[in-house]
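Asks: Residue numbers (full-length UniProt numbering): 1 to 642. Beta carbons: idealized from backbone N, C-alpha and C, even for Gly.
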């Protein structure tokens, strides 16, 4: 526990929910910023006697699961500040003894589990720990599922609950407590009847009820800080870009690249199918590396992504931002070695880059030539009506003594270039009140933002050194940011979870939630989200919490797969249809790398006839430098789909 940290005092509704969580497993539903994590802190503290003993002497361990790396780091830090327990945090990039987490062995995990009493991690790590016997469920006293509404399909949350359900059915009943935390309950687009079904399904998944505090409504009425934000819809015309000369040229480029991409994908499919039949001696090293390497990506995929971003920027932001983005994209493509194995494709890519350069006509070049006041004043004239609507919102608030705002966008490129526009405009006296930055997720190699940069940006926003933060959905769920008095949804809201999470960021008194909508868009989805929100508030508070009807698990995807493909069990370790591929990829990553990068398995699906029925057969071939270097085919007697 951080002695310098002021200990939080629980509010009445948090105590009410804690008492329910101590009594039984529950899913806590509270809106964003209402202190769900603090309820988990109090529950961890209440159950702490079970984890205080050394693990090797019978002590148990508590697990806190968070869906992203930033949330893992944030929640672990909060637990350290509020608890006397030792907290460890775990995510894919973590390194101990020069080994990334995915390659940790039993010895490293044994040391970590002995050292720390609460382990905060992304959920797939716990799935792997249980599957590979690094920890047994009976040695866990509590699992907390942050943002538990993600437990659908074959998500790691679903896999963990399935394993727990199986253990609970054994003679020696495993007493692992479960606490789910959510603000949105669902993260898909749905109407009110479907929402109620999804809510019931979530309860079935976690084998417990969704609970909210009966006294929270009265408390909110007495606390103006928790007033609901005013919702304002701003309608704009979004057809301006189609009249621009660059639009038609861009569309032609996109069509050409799509055609080339399809051709290359067909070639790759044929080569990989043929690779299953090749003998080791018939392939040279170059062919082996190409066939088994995912690093040597179809270069037209890269071009497709870049052109898709450019198309979106032209439509959403206008010609000025498009010109900057186009210049950046051309520079990036010229400096990167998109292909290293085919001179013909190299020549074709060079030709496409030259065609992209033709979009930079004299007018466009003049727009971005220099940052003098005259050119900066032209930003608005050469920006879309949509971007001008956003800028007008902030111009109206320029007289406020202070404001704190988040602009939610769909694409990483949009977050970067909207921020770029705001920073350019802030050089003018009229816009000097704007202090902006941007943030997006850290997953994937493309457009990667480092965790350090992400943390630095969030710290500046929390310290009010930034008053406008342009963000992707990374800030919708869980990340700790200050209460805002302005939230802007720049792009369409696709589901109720996104709506409720982003709206929950507007927590100040008299805050406003802006929604930008194209003139040709329907308002039905927004009205549907508001209806769901109202129904949720009324029904959860009024529902009978003492209803102890049996909650059961429907057969989910993982249960079905395991009934068709029986897990391979050795001792208490288990290899299932869901973790087999990731384990195989992990093995391949451990092999010596080629110059093309990490080598991966090749998978190919065949259709064959058995008793006049067409069934599917999966074939896999491991990289040439693996011990088992031949095509592996499934045994039809044990597995086939009709």
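Taking one C-beta from the segment 59 to 67 and one from the segment 93 to 103 each time, how about it: are there three or more such pairs within less than 8 Å?
Replies: Result no; under three Cβ-Cβ pairs closer than 8 Å.
Asks: Just how far apart, CA to CA, sit residue 501 and residue 299?
Replies: If I take the Cα positions, the gap works out to 37 Å.
Asks: Which of the three DSSP states is assigned to residue 386 in this structure?
Replies: Residue 386: helix per DSSP, three-state reduction.
Asks: Suppose the cutoff is 6 Å on Cβ atoms and the five residues either side in sequence are ignored; what does the same chain contact list for residue 142 look like?
Replies: Excluding residues within five positions, the ones whose Cβ falls inside 6 Å are 47, 62, 177.
Asks: Can you tell me whether residue 450 is buried or exposed? The criterion is at least 16 other CB atoms within 10 Å of its CB, across all chains shown.
Replies: Classification for residue 450: exposed.
Asks: Only counting the same chain, and skipping five residues up and downstream in sequence, which positions put a Cβ closer than 8 Å to that of residue 14?
Replies: 35, 38, 39, 42, 213.
Asks: Taking the beta strand (DSSP E) that residue 585 falls in, what are its first and last residues?
Replies: First-last for residue 585: 580 to 590, but that is the alpha helix (DSSP H), not the beta strand (DSSP E).
Asks: What runs of the beta strand (DSSP E), each 3 residues or longer, lie entirely inside the segment 160 to 234?
Replies: Counting whole runs of 3 or more residues, the segment 160 to 234 contains the beta strand (DSSP E) stretches 177 to 182, 209 to 211.
Asks: Which stretch, first to last residue, makes up the beta strand (DSSP E) that contains residue 153?
Replies: Neither: residue 153 is in no beta strand (DSSP E) and is coded neither H nor E.
Asks: According to DSSP, which residues form a beta bridge with residue 631?
Replies: DSSP, once it has assigned bridges, lists 621 as partnering residue 631.
Asks: For residue 535, which residues from the same chain have a beta carbon less than 7 Å from its beta carbon, with the 5 sequence-adjacent residues on both sides left out?
Replies: Here the set comprises 192.
Asks: Between the Cα of residue 690 and those of 315, 88, 313, 329, spot the shortest distance and give me the residue it belongs to.
Replies: Residue numbering for the chain in the displayed model covers 1 to 642; residue 690 lies beyond these limits and cannot be assessed.
Asks: Could you tell me the boundaries of the beta strand (DSSP E) in which residue 41 lies?
Replies: Note, residue 41: premise wrong, no beta strand (DSSP E); alpha helix (DSSP H) at 36 to 46.
Asks: The alpha helix (DSSP H) spanning residue 506 covers which residue range?
Replies: Segment: none, residue 506 is in no alpha helix (DSSP H) and carries neither H nor E.
Asks: The beta strand (DSSP E) with residue 21 in it runs from where to where?
Replies: No beta strand (DSSP E) contains residue 21, which is instead part of the alpha helix (DSSP H) from 12 to 23.
Asks: For residue 112, report the span of its alpha helix (DSSP H) as first-last.
Replies: Counting along the chain, the alpha helix (DSSP H) containing residue 112 begins and ends at 106 to 115.
Asks: Below 8 Å on the Cβ atoms is my contact criterion, and I expect residue 457 with residue 480 to pass it. Report the Cβ-Cβ distance as a whole number of Å.
Replies: Going by Cβ atoms, the distance from residue 457 to residue 480 rounds to 13 Å, so no, they are not a contact pair.
Asks: For residue 129, which residues from the same chain have a beta carbon less than 8 Å from its beta carbon, with the 5 sequence-adjacent residues on both sides left out?
Replies: Taken in chain order, the residues that qualify are 109, 135.
Asks: Secondary structure at residue 604, three-state DSSP: helix, strand or coil?
Replies: Three-state result, residue 604: strand.
Asks: So, for residue 125: in the same chain, excluding its five sequence neighbours on each side, which residues have a beta-carbon less than 6 Å away from its beta-carbon?
Replies: Answer for residue 125: 90, listed in chain order.
Asks: Using a Cβ cut-off of 8 Å (strictly closer), state whether residue 181 contacts chain C.
Replies: In the displayed structure, chain C is absent; only one protein chain is listed.
Asks: For residue 245, which option in 181, 266, 186, 318 has the closest C-alpha, if you only look at C-alpha atoms?
Replies: Answer by Cα proximity: 318.
Asks: List the endpoints of the continuous alpha helix (DSSP H) containing residue 417.
Replies: Segment 412 to 425, the alpha helix (DSSP H) holding residue 417.
Asks: Output needed for residue 301: all residues of its chain with C-beta closer than 8 Å, excluding positions within five of it in sequence on either side, in chain order.
Replies: For residue 301, where only same-chain residues beyond five positions count, the Cβ hits under 8 Å are 261.
Asks: How is the beta strand (DSSP E) around residue 574 delimited, first residue to last?
Replies: First-last of the beta strand (DSSP E) with residue 574: 573 to 575.
Asks: Indicate the three-state DSSP secondary structure (helix, strand or coil) for residue 142 in the structure shown.
Replies: Here residue 142 sits in strand by DSSP.
Asks: Excluding the 5 residues preceding and the 5 following residue 241 in the sequence, name in chain order all residues of the same chain whose CB lies nearer than 6 Å to its CB.
Replies: Cβ within range, chain order: 247, 314, 315.
Asks: DSSP state of residue 469, grouped into three classes?
Replies: Three-state result, residue 469: strand.
Asks: Count the CB pairs spanning the segment 397 to 411 and the segment 480 to 497 that are closer than 8 Å, and state whether there are at least three.
Replies: Touching, per the Cβ criterion.
Asks: Measure the alpha-carbon distance for residue 188 versus residue 147 and round it to whole angstroms.
Replies: For residue 188 and residue 147, the distance between alpha carbons rounds to 14 Å.
Asks: Does the structure place the segment 510 to 524 close enough to the segment 228 to 237 that three or more beta carbon pairs sit under 8 Å?
Replies: Verdict: yes, contact present.
Asks: Using DSSP with H/G/I as helix, E/B as strand and the rest coil, what is residue 546?
Replies: Low confidence applies here, because residue 546 scores a pLDDT of 47, under 50, leaving its location unreliable and the question unanswered by this model.
Asks: Within 10 angstroms of its Cβ, does residue 489 collect 16 or more other Cβ (buried), or is it exposed?
Replies: Flag for residue 489 reads buried.
Asks: For residue 422, which residues from the same chain have a beta carbon less than 7 Å from its beta carbon, with the 5 sequence-adjacent residues on both sides left out?
Replies: Excluding sequence neighbours, residue 422 sits near 434, 436, 468.
Asks: From 576, 379, 495, 440, pick the residue whose C-alpha is nearest to that of residue 473; which is it?
Replies: Residue 440 is the option with its Cα nearest to residue 473.
Asks: In whole angstroms, what separates the C-alpha of residue 237 from that of residue 385?
Replies: Using only the alpha carbons, I get a separation of about 7 Å.
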